[in-house]
Structure formats: C-alpha cells, structure tokens
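Below is one structure, written out as structure tokens; the observations come after it.
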Amino acid sequence: MIKKIVSLCLILVVSIASFAQNLPSLYKKVNSSIVVIKTVNNVSAGKGDKQKVSTEGGLGSGVLISDDGLIWTASHVVHSADKVAVKFTDGDIYEAEVLSSNPLADVALIKVLGDFQLNKKHIAVIGNSDEMSIGEDIFVIGAPLGVEQTLTKGIISGRISPEKIGNDFAQVEYLQTDAAINQGNSGGPMFNMKGEVIGIASFILSQSGSSAGLGFGTTSNIAKKVLMDQPNLWTGMEFLILSDELAEVFNLPQEAGLLVLSVTSKGLGSKMGLRGGYMKAVIEGQEMLIGGDVILEVAGIQLNSSEGMKMLRNKMSTFKKGETYLVKYLRAGEVRMKAMLHK
C-alpha cells in the first residue's frame, strides 16, 4: 500500500513538473499567433439626439489561423466596429475587415487587409474541443486590461450548456475554466497542452467585474462550424430580441422582432438603411439604447429567434447577384418595407 502511495506521488510530481516545463516552450511556440485587436465604434451619444454620435474604442484579442491573414476572435469585440486594427508580436499592424460574425455563439472571423506578411508568425492549429475532458490543463493568451501577451493557466472546470447560465446565451456549448480571464482577453485563444486552439475566450461570471475563476470560452468545434463551415454573414448590428412582455411594450405587430440597438457604417444593417437607438433606457434592469428600428422580416423570414437568424444566413447564401429581397421593419410605429439588391 505504501509503495502504491509513493508511486502515485511520484506520478503527480512528474506530471506537475512536465506541465511546468512544457508551458514555457508552448508559449514560445504559439504566442506569435496572438493578436491585439483595437476597434473604433461610432455610436449614438445616447442623449435623445438622433444625429449626435460619439466615438468609442474597443480592445480584444484574436488568433491567426491561416497564412493569408484569417483571424478568429469574439463577436462582441468586432461586431459593431467601424474600424478594426490588429497588432502582432513582431510589431506588424494591419487594418482588418469583418468577414463573419455570430453574436449568438460570440465568435467572429476577420481578415487582414493589404499585403499580409507572414514572416515568422505562427499559424495556430485548431484542435478538437470534443476531446477535452474536465480536469485537463489549458492556457490562455491575450491582452487583459491592455497588458499584451499575458499568459494565464488553469484547467477545464466544466462544460456548460446555455440553459445553465441564462436564456440570453446561444444554444452552444462553452468550456469553463479557472484560468484568469479579464476584459481584453475576449477573443483570445484557449490552448490545450498540445498548443492547439480548443476555445475562444468569451465571457466571465463575476460580481466584481474582474476574474473570479469563472471564465468561459466558445468551443473550437462550434467556432469552426459557424465561421468556416457556414456562409459568411456580418450584419454589423447590435440587437435585442423583443418577445413576450417586451414585444407588447414596444407594440409590435407580431409576436417578436429584433430591436436594433446600434448599426455600424459597414455590414448588412447599413446596406439595409436601418437605424440604431439614440436614447438610453433601463428596462427590467437591462440598459439599452431605444428608438431604433425593429426588424420584423427579411426575405420572408421572421427574425424573432436565433433559429430565424440561422435560416436567414442559409437563405442568403443561395441568393444570386442581382436578386432582390424585402426587408420589413417597424420605425416610429410605422411598418415599412424596403427592397434590397443582393450584391
């Protein structure tokens, strides 16, 4: 029995030592795939003036996944951005464009603009998140609070389905970790001990607003599915699903719709001519900008749920250049229709 205990202790010591020895070399191998993302968002001043706009800066992280400058990040980092810039560890700075963004899964795909030079930048390998088990070691690299190339380590604490967190989250699976994640880590990669990306840092649960050991990342398999295996779609809008009591409060002509909170100067929302909110309000404890359009239908599909967004994404992938579709929306109590030309 004593021999078994001694043997077990030796195994644990060797495992811990192996982890400590491997982590520095893994960091050195993969850290040049990490980018710092800075954004510029032009949003309503929120004081009841439709015309007055304020400029806000955003900060996040991302990971290079191809030799032509494709980068994974979190949707909330770039979804409503008018300008996006990425900075690599070698000092290279590029403008980037949003190719696809899925707010429901909180993942986005952006691409470097211009003549991208790979040089010695590392291209991250995408791992299989389904193979990760609770208790396995992982590490996260990002720019928490703007401190670039910060490394934190921990374990997979759990696999969390959205119904365990709240109804505002998409029907996807998250990896929970005790590795420290703070503002600025969003969009940064979660690596397994092979140096493979198995998640994208998304959000934390904290009463103080700082890391409390409850960090969550969208799994790499979900990110791959919605960003690489499905048609690209970037609405460039922040929105809120109005249903049940909220649908009644906003006097919708149907059971639900999408309240447009903000619209970037780029993306599908801008092409549709939709307007975002301009007046700050708190409804049932939730802060939001109201006064914007409420989208009722696009191409005959009611946008009243995450399923509706998926249906629209799939339908738009079948449109041919020059084909038209109708957008139905509510503005100032009036239902309007607009014909859009697919380009």
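Quick note on numbering: the sequence shown equals residues -20 to -1, 1 to 323 in mature numbering (1 follows the signal peptide of the UniProt record, and there is no 0). Ideal Cβ placement from N, Cα and C applies to all residues, glycine included. None of these values were measured; they are calculated from a predicted model.
task = Please classify G40: is it buried, with 16 or more other beta-carbons within 10 angstroms of its beta-carbon, or exposed?
result = So G40 counts as buried.
message = Cutting at 6 Å between CB atoms, please list the residues of its own chain near E218, excluding the five before and the five after it.
response = For E218, where only same-chain residues beyond five positions count, the Cβ hits under 6 Å are S60, L241 and S242.
request  = Would you give the residue range spanned by the beta strand (DSSP E) that N82 belongs to?
outcome  = I73 to N82 is the span of the beta strand (DSSP E), which, as asked, contains N82.
task = Given a cut-off of 7 Å, decide if V43 and S13 are closer than it, judged by their beta-carbon atoms.
result = Inclusion of S13 and V43 in the CB contact set at 7 Å is warranted, their separation being smaller than that value.
inquiry  = Are the CB atoms of I118 and N172 within a distance shorter than 7 Å?
reply    = Here N172 is near I118, since their CB atoms are less than 7 Å apart.
ask   = So with Cβ pairs under 7 Å, would you call D72 a contact of chain D?
value = No chain D is present in this structure, which holds just one protein chain.
ask   = Roughly how many angstroms separate the alpha carbons of G94 and G271, rounded to a whole number?
value = Between G94 and G271, the C-alpha separation is close to 38 Å.
message = I'd like the list of long-range same chain contacts for V206, defined as Cβ closer than 7 Å, with 5 residues on each side in sequence excluded.
response = Excluding sequence neighbours, V206 sits near N82, A85 and V87.
key: Closest Cα partner of L248 within the set I275, I45 and E264   = L248 has its Cα closest to that of I275, out of I275, I45 and E264.
message = Less than 7 Å between the C-beta atoms of G197 and L155, yes or no?
response = In this structure, L155 lies closer than 7 Å to G197 by Cβ.
key: Identity of the residues DSSP links to W214 by a beta bridge   = In the DSSP assignment, W214 is bridged to no other residue.
request  = Pull up the distance between the alpha-carbon of V(-15) and that of A160, whole angstroms please.
outcome  = Residue confidence is low: V(-15) scores 46 on pLDDT, short of 50, so the model does not pin down where it sits. Its coordinate-derived value is still stated next. V(-15) and A160: Cα-Cα distance of roughly 33 Å.
query = How many whole angstroms separate the CB atoms of G253 and K318, which I take to be in contact at a CB cut-off of 8 Å?
reply = At roughly 6 Å, the Cβ-Cβ gap stays under 8 Å, so G253 and K318 are in contact.
ask   = Can you give the Cα-Cα distance for I51 and K91, rounded to whole angstroms?
value = Inter-residue distance for I51 and K91 is about 6 Å (C-alpha atoms, whole angstroms).
request  = Ignore the nearest five residues each way along the sequence and tell me which others in E128's own chain have a CB closer than 7 Å to its CB.
outcome  = V16.
inquiry  = On a Cα-Cα basis, can you pick out the residue from S113, A236 and K9 that is closest to Q282?
reply    = The candidate whose alpha carbon is nearest that of Q282 is A236.
Range covered by the alpha helix (DSSP H) that runs through D224 = Counting along the chain, D224 sits inside the alpha helix (DSSP H) bounded by residues D224 to V229.
Beta-carbon proximity list for G146, same chain, < 7 Å, skipping 5 on both sides = Its pLDDT being 47, under 50, G146 is placed unreliably by the model, and nothing is read from it.
key: Straight-line Cα distance separating L269 from P233   = Answer to the nearest angstrom: the Cα atoms are 21 Å apart.
request  = Would you list the residues sitting across from S41 in a DSSP beta bridge?
outcome  = Residue pairing from DSSP places S41 in a beta bridge opposite V16.
Reduced DSSP secondary structure (H/G/I, E/B, other) of M112 = M112: coil per DSSP, three-state reduction.
message = Our contact map puts G302 next to S250 with C-beta atoms below 8 Å; I'd like the distance itself, whole angstroms only.
response = Not a contact, Cβ separation roughly 20 Å.
With 16 other Cβ atoms within 10 Å as the buried cut-off, status of S55 = With 16 or more other Cβ atoms within 10 Å, it is buried.
key: Three-way DSSP call (helix, strand, coil) for A203 in this model   = If DSSP states are grouped into helix, strand and coil, A203 belongs with the helices.
query = In three-state terms, what does DSSP make of N147?
reply = With a pLDDT of 43 at N147, under the threshold of 50, the modelled position of that residue is not reliable, and the figure given next carries that caveat. Residue state, collapsed to three classes: coil.
Residues that V92 bridges to, as DSSP identifies them = According to DSSP, V92 bridges with A76.
key: In DSSP terms, what A181 is bridged to   = Answer is G197.
query = Measuring CB to CB, does I45 end up less than 7 Å from A104?
reply = Cβ distance < 7 Å, so I45 and A104 count as in contact.
task = With DSSP as the reference, label residue 324 as helix, strand or coil.
result = Residue 324 falls outside the range modelled here, since the chain spans only -20 to 323, and no answer is possible.
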